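*Asks:*
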Amino acid sequence: MSDIRLSEKKTYSPQEIRLQNGTSLENKRAGRILAGFQGSRPVIDIERGKYFTESFRETEGQPLILRWAKALYNYAEHATVYVDDDQLIAGRAGRSGRYGILYPELDGDFLDEAIKSLPERDSSPFDIAPEDAEYIIREISPYWKGKTFHEALAAAIPMETRKYTYNNDSELSSRFIVNETASFRSSIQWVHDYEKPLKIGFNGIKREAEERLAALDEFSPVDNTERKPFLEAVILTADAIILWAKRHSELAAEKAAAESDPVRKAELLEIARICAKVPAEPAESFYEAVQSQWFIQLFSRIEQKTGTIISNGRMDQYLYPYYKADKEKGVIDEDKAEELLECVWVSMAQYIDLYLSKAGGAFNEGYAHWEAVTIGGQTPDGRDAVNELTYIFLRSKREFPLNYPDLAARIHTRSPKRYLYEVAETIKDGSGFPKLINDDEVVPLLLAKGAQFEEAYDYSVSGCAECRMPNRDTFTSPCAYINFAAALEMTIYNGKMLKYGDEVIGLQTGEDFADFDSFLSAYLKQQKNFMKHAFIQQHEIIRLRGEHFASPLGSSLHKLCMEQQKDIHSPKIDGGIDLGYFEFIGYGTVIDSLAALKKVMFEDKRVTLSELKDAMMHNFEGFEPIRAIMQSAPAYGNNDGYADEIGKLLDRELLEFTRKYSAELGVQLDLRYVPFTSNVPFGKVVSATPNGRLAYVPLSDGSSASQGADKNGPTAILLSNYATKNYDYRNRAARLLNIKLSPQCVSGEDGTEKLVDFIKAWCDLKLWHLQFNIINRETLIAAQNDPDSYRSLLVRVAGYSAYFCELSKDLQDDIISRTEHIAV
Amino acid sequence: MTSGIVFNIQPYSLHDGSGIRTIVFLKGCPLRCIWCCNPESQNAMPEVYFDSENCIRSKGCKFCDGLCNITEYPAKLPEGDCATFENVCPTGALGVYGKRMTVDEVLDRVESESAFYSHGGGGLTLSGGEPFMQGEFALELLTEAKKRRIGTAAETCGYCETEVLRKAAGMLDEILFDIKLADEEKHIRCTGSSNRLILKNLEMLSREFPTLKKRIRTPVIPTVNDNGKDIYDIKRLVSGIGGCTHELLPYHRFGVRKYELLGRRYADIPERLDENNFERLKKLHL
């Protein structure tokens, strides 16, 4: 019978149609603001670096947390403040347009070198004004030499571990084998309890600190040397943020006085009124709450470079009471609320997370950012949490498709139908939002790790795919990204990698293998050895972090820190739950390589190891039949038990390791599969692999299949993920999963319904994360060839969406090569 | 255990029945529609095929050396001999259309996707070829699917034993039934068979299974039935049959290349279906 099902007529996503028609967003206020900076090259703003350095120079020897508070105060008092034209929300952390700021305390030791290369860099380049560059070289960089976290860490890591961590160059650049991420950010992804300052204001926080200060034991050495400076720092920081907001109020009032347009004048006066009030005092309207929250997150960004930008928490929850009250009073409607939120989104879009190191840049291509805004999910008592405001966030994403904020939708088995449909409709737009996080996987794991129900149900998505409980999580150390494809290469070449020639880096596990089991056991030794070094790194990072970083603002928003008067960076906070992770990079690459070796070489004996090595050393050039036969083996992502069993074993071995040694680090170091864009730079050190992957191209990303290896459709990828997870272990964290669908799969009402079915099945399977690219392959290729016409094309990269044309060619190719699923 | 010849199992199918489905394609079809896009599904038994475009012998590949030297494809070898051609070629240039599978092997694959069936009423779709040509196998697949509480649908050309279709209908949640032409003579010319049995079967379904969900589908093929008269006749015919929906499907040419692989010539059908004409035919009222 016929199976004529498809028209050859192409289906396009709304985003693709907008690109074809050149639709403008300038009928919106936020759209006009966006047009002013979209596509411009970000510029470095030195004020944060400048005022911090100035203050740190003067406070040497004092308690670190107090030094941080003084630096923040110095910034608040002297940094330029901004109220942008047309904006309803005041506040930026740097100059007009897209800007990045400096955190010299992290890795400023090579700041002078970095600013020379930043404008030319492939991934996430930045410009800098010549006078600013000169100031950095003269004033900022020299002060930090010998004082940065990066240097302290490099010095602390044992020589043997260093071999896996850094190249032996002046910048101590990453070797992309066992990669530390602690010196390009001061903490992992983080989120604050924003509800507290909205409710009591910073004057309330200050009063709390003053009461605690008055209650200290005047004879206690700990109270005098630790608690007292902590509380003084909290008070000074509260003063700082209040002062900083007031300066915005004054500027708005000045601008109002000079404004001739009565409408704008009224807006400026309202901004002046609000900034005089919040965040000092409790917010009393939706507008005040939104402005207050923006000030707090922005000041937090100035305080610390938390991993991939501070997250926004459950905005549809903590802003809802203000929205509801305003709506009942009749002072706000959906359009107004949406406009205010979009004013924040365009403010976010101008702050660009700046990474000095090449590794940082390459991990976070396309100016990555994860200021996750969480919507949906459940209330602390386990009911569905969706409200009217939730839908405004989704509507805003459809009507104003900007890649800010990073929107995360929590899904659970009782999520209402309308919510699931609107989520699906938003995904269908094609710009990659929202990403989905599964309560049915996350909540039980948080419980198993020690949370109370009400905390677990109330988690916020933080960063890329992490989930945090803002008053319970206390672990901040950034963690290792581990290139296990390099471990595989070392198994093949007896401890060496082709990239590094004759240098023996890994273990010498031999060159002859009688059977697959002996090869596998050699690989597992290499894998375990990488884990050993990752945990050694982590031990030193945890030991050092409290000596280098303090967060008086962040700590003042954390219940446990305030109760114990301890900075959030302290290695141990009583009652806290310490959740860290380590990263498996190259999961699909390693599984497929092992499966190919097992099937083709050891079982079917169609290739010998020496033939294969020969082929791989020639990057398969002239060895096409060998490459083809290796590629024909079972692969991960196809719901094929042959490959999936290997994946499950690798996962379990790592879970066993962390189960045994996590306790020594005082943290639950969980296994995670979230690469950012690091699968690209990691691939650049790994030569050709037995699964037919060519030398130095990207590794597989997250828990997705190897590029193009998934041939059985998107359901099979979910099922392979399910099959490779070890649900009996609790030290599991996120698995990032990218699915690329052609718009034809989701077209029409029927397409929405089937996308909802797909999402529900994903929820049932208890997979952690899911995100979609709904795009035609030829659109990506067209954008690569004609970037000017596709500047606004957004694609989902790895937990975030970025402008396709701002990605490096390597990453663009990687995204194009991810399998596009077409349904019949 | 009963087994049959399956030529493909395809998960994540969205356009053949409700929900997300897995289609099991059974090999063999009694019709020879000149526009058929799955010519490899027509013969009932496995066939060895060769696709020279994917062959990398010129790059030194020798993995198929030692297999018997076939000169013409597709080769209809005894089933056992066909099996020696499976999983030999690294690029899939040389391979076998069709594979013998047991009922359990098929249903295990289908059931492994069951997480995707539970929300939108998805499940198993039997297709072909003509699935009911392997009558006993098809019925056992449906029996087993029912036992495993998996939703069932079938796509049929209607040209099958009435008794098989009757038994199947009792186990189906939905049937997709093709009506290509109302005119018998034209039907013979374009499909190689009369449509009398097809119409009789459709009438039987209508009478004996009034509550079974029936979707009647007509592929609109340029120069075959893309005209007002044929479509009008089909619509009139369908309107006389109770409890079904009718839809027109646009012609596509995805199968054309497969004819080359099979050493056959594709019928002389214009490349494109006129879109405006298709829209007009969809709107045609009785």
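Residue numbers (our numbering), protein chains in the order written: chain A, 75 to 898; chain B, 72 to 357. Backbone N, C-alpha and C define an ideal beta-carbon position, used for all residues, glycine too. Values in this document were obtained by computation on a predicted structure and should not be read as measured data.
In chain order, which continuous runs of the alpha helix (DSSP H) of length 4 or greater are located wholly inside the region 677-715 of chain A?
*Replies:* 683-691 and 698-705
*Asks:* If we cut at 8 Å on Cβ distances, does A/K834 have a partner in chain B?
*Replies:* So, interface residue.
*Asks:* Report the residue from A/L562, A/T85, A/T255 and A/Y209 whose alpha carbon sits nearest the alpha carbon of A/T921.
*Replies:* Residue 921 of chain A lies beyond the stretch modelled for chain A, which goes from 75 to 898, so this question has no answer here.
*Asks:* Excluding the five sequence neighbours on either side, which residues of its own chain have a C-beta within less than 7 Å of the C-beta of A/R546, listed in chain order?
*Replies:* A525, E529, G650 and I651
*Asks:* Can you find a CB in chain E that lies within less than 8 Å of the CB of B/F187?
*Replies:* In the displayed structure, chain E is absent; the protein chains listed are A and B.
*Asks:* May I ask you to list the residues that DSSP assigns as paired with B/K284?
*Replies:* B/E245
*Asks:* What does the alpha-carbon distance come out to for the pair B/E124 and B/L97?
*Replies:* 26 Å
*Asks:* I want to check one thing, is the minimum distance from the CB of B/N125 to the heavy atoms of the ligand SAH below 7 Å?
*Replies:* The ligand SAH is not part of the structure shown, which contains no ligands of any sort.
*Asks:* Any beta carbon of chain B sitting closer than 8 Å to that of A/A790?
*Replies:* yes
*Asks:* Measuring straight from C-alpha to C-alpha, what distance separates A/G569 and A/L671?
*Replies:* 18 Å
*Asks:* Is there a Cβ from chain A that is less than 8 Å from the Cβ of B/K300?
*Replies:* no
*Asks:* Is it the case that the Cβ atoms of A/L901 and A/L108 are separated by a distance below 8 Å?
*Replies:* No answer is possible for residue 901 of chain A: the residues shown for chain A start at 75 and end at 898.
*Asks:* Among B/K353, B/I250, B/R260 and B/K133, which has the Cα closest to the Cα of A/A702?
*Replies:* Selected option, being the one with the closest Cα: B/K133.
*Asks:* Since B/S198 is in the beta strand (DSSP E), which residue starts that stretch and which ends it?
*Replies:* G194 to S198
*Asks:* Classify A/Y801 as buried or exposed, calling it buried when 16 or more other Cβ atoms lie within 10 Å of its own Cβ.
*Replies:* exposed
*Asks:* The beta strand (DSSP E) spanning A/H643 covers which residue range?
*Replies:* Counting along the chain, A/H643 falls outside any beta strand (DSSP E), and DSSP gives it neither H nor E.
*Asks:* Could you tell me whether any Cβ in chain A is nearer than 8 Å to the Cβ of B/C132?
*Replies:* yes
*Asks:* To the nearest angstrom, how far is the alpha carbon of B/L85 from that of A/L99?
*Replies:* 34 Å
*Asks:* Let me know the secondary structure DSSP gives B/P341 once reduced to three states.
*Replies:* coil
*Asks:* Which stretch, first to last residue, makes up the alpha helix (DSSP H) that contains A/M422?
*Replies:* E408 to M422
*Asks:* Below 9 Å on C-beta distance, what does A/R680 contact in chain B?
*Replies:* F134 and P161
*Asks:* How is the beta strand (DSSP E) around B/K170 delimited, first residue to last?
*Replies:* K170 to T173
*Asks:* Suppose you measure from the CA of A/A608 to the CA of A/L810; what does that come to, to the nearest Å?
*Replies:* Here the alpha carbon of A/A608 sits roughly 21 Å from the alpha carbon of A/L810.
*Asks:* Mark A/M233 as exposed unless 16 or more other C-beta atoms lie within 10 angstroms of its C-beta, in which case mark it buried.
*Replies:* exposed
*Asks:* Using a beta-carbon distance below 8 Å, is A/N786 in contact with chain B?
*Replies:* yes
*Asks:* Check the Cβ of A/S261 against every Cβ in chain B and list those closer than 9 Å, keeping chain order.
*Replies:* Near A/S261 there are no residues of chain B at all, since even the closest Cβ is about 37 Å away, more than 9 Å.
*Asks:* May I ask you to verify whether the region 626-633 of chain A touches the region 576-594 of chain A, counting CB pairs closer than 8 Å and requiring at least 3?
*Replies:* no
*Asks:* How about the region 218-230 of chain B and the region 192-208 of chain B: do they share at least three Cβ pairs that are nearer than 8 Å?
*Replies:* Judged by Cβ distances under 8 Å, the region 218-230 of chain B makes contact with the region 192-208 of chain B, as three or more pairs qualify.
*Asks:* Using a Cβ-Cβ cutoff of less than 6 Å, which residues in the same chain neighbour A/K509 once the five nearest sequence positions on both sides are dropped?
*Replies:* A482 and Q845
*Asks:* Determine which residues of the region 819-850 of chain A have a Cβ less than 8 Å from any Cβ of chain B, and write them out in chain order.
*Replies:* C819, D824, G825, E827, K828, V830, D831, F832, K834, A835, D838 and L839
*Asks:* If you run the structure through DSSP and keep just helix, strand and coil, what is A/L80?
*Replies:* Low per-residue confidence applies at A/L80: pLDDT is 36, beneath 50, and the placement is therefore not dependable, though the value from the model is reported in the following sentence. Note: A/L80 maps to coil in three-state DSSP.
*Asks:* Going by Cα to Cα distance, which pick from B/L355, B/D249, B/E182 and B/T294 is closest to B/N272?
*Replies:* B/D249
*Asks:* Check whether the region 804-822 of chain A touches the region 777-792 of chain A, taking contact to mean three or more Cβ pairs, one atom from each stretch, closer than 8 Å.
*Replies:* Contact between the region 804-822 of chain A and the region 777-792 of chain A is present, with at least three C-beta pairs closer than 8 Å.
*Asks:* Work out the CA separation of A/P116 and A/D196 for me, nearest whole Å.
*Replies:* Cα to Cα, the separation comes out at about 14 Å.
*Asks:* Measuring only the C-alpha atoms, how far is A/R79 from A/N805?
*Replies:* Low per-residue confidence applies at A/R79: pLDDT is 36, beneath 50, and the placement is therefore not dependable, though the value from the model is reported in the following sentence. Roughly 45 Å between the two C-alpha positions.
*Asks:* Quickly, what does DSSP pair B/L319 with across the bridge? List them, please.
*Replies:* B/T289
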